[in-house]
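In the working numbering, the protein residues as written are 114 to 264.
Encoded structure:
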């Protein structure tokens with residue numbers, strides 16, 4: 114969707130809520146080839162591995178503060194909130210605040226929310242909801258995560 118929007122010269126924002134301890138392929142590509150994309154990462158990596166829940170909550174709140182101006186700015190055509198549902202599932206961010214911000218976005222703005230778990234009330238307000246379900250995964254067959262495919 115990001116590539117499609119950029120192809121039509123639309124303004125795009127991408128915020129990743131989980132990635133960030135190491136460079137992701139998405140970050141590398143967007144920073145090198147798409148400087149027009151407003152891109153932010155929470156920067157904590159996989160928060161469920163943490164030993165400091167309060168620090169993770171602060172990081173989520175700081176990252177959410179980067180999202181709010183995008184959701185109010187009608188110049189953004191597409192805003193991608195990658196792994197946002199984890200922030201709801203782990204009670205790092207208030208689901209009601211998220212719903213209010215997304216519901217109040219400009220009518221011409223599309224918002225994509227990704228992630229597993231959490232967000233049943235969020236699903237209610239979204240225009241389109243898709244579910245990606247694992248049928249088979251290479252990791253279960255002993256194949257380690259591959260750069261460019263899994264991360």
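By construction, the Cβ of each residue, glycine as well, lies at the ideal position given by its N, Cα and C atoms. Note that the coordinates shown come from a computational prediction; the quantities given were computed from them, not determined experimentally.
- Beta-carbon spacing of residue 202, residue 230 below 8 Å: yes
- Task: Label residue 183 either buried or exposed according to how many other C-beta atoms from any shown protein chain fall within 10 Å of its C-beta, with 16 as the threshold for buried.
- Result: buried
- Message: Looking at the secondary structure, which residues open and close the alpha helix (DSSP H) in which residue 82 lies?
- Response: Examination of residue 82 is not possible in this model, given that the chain is present from 114 through 264 alone.
- Task: Let me know if residue 195 comes out buried or exposed under the rule of 16 or more other beta-carbons within 10 Å of its beta-carbon.
- Result: buried
- Query: From residue 262 to residue 135, what distance separates their C-alpha atoms?
  - Reply: 15 Å
- Message: Is the beta carbon of residue 210 closer than 8 Å to that of residue 234?
- Response: no
- Query: residue 193: which of 122, 226 and 153 sits nearest, CA to CA?
  - Reply: 226
- Query: By the 10 Å Cβ neighbour count, where 16 or more other Cβ atoms means buried, how is residue 189 classified, buried or exposed?
  - Reply: buried
- Is the beta carbon of residue 170 sitting closer than 8 Å to the one on residue 205? yes
- Taking the C-alpha atoms as reference points, what is the distance between residue 144 and residue 138? 10 Å
- Residue range of the beta strand (DSSP E) that residue 169 falls in? No beta strand (DSSP E) holds residue 169; the alpha helix (DSSP H) holding it covers 166-185.
- Quick one: is residue 248 buried, meaning 16 or more other Cβ sit within 10 Å of its Cβ, or exposed? exposed
- Assigned secondary structure, residue 196 (DSSP; H/G/I helix, E/B strand, else coil): coil
- Query: Can you check whether the CB of residue 187 is closer than 8 Å to the CB of residue 241?
  - Reply: no
- Query: Excluding the five sequence neighbours on either side, which residues of its own chain have a C-beta within less than 8 Å of the C-beta of residue 150, listed in chain order?
  - Reply: 115, 119, 125, 126, 127 and 143
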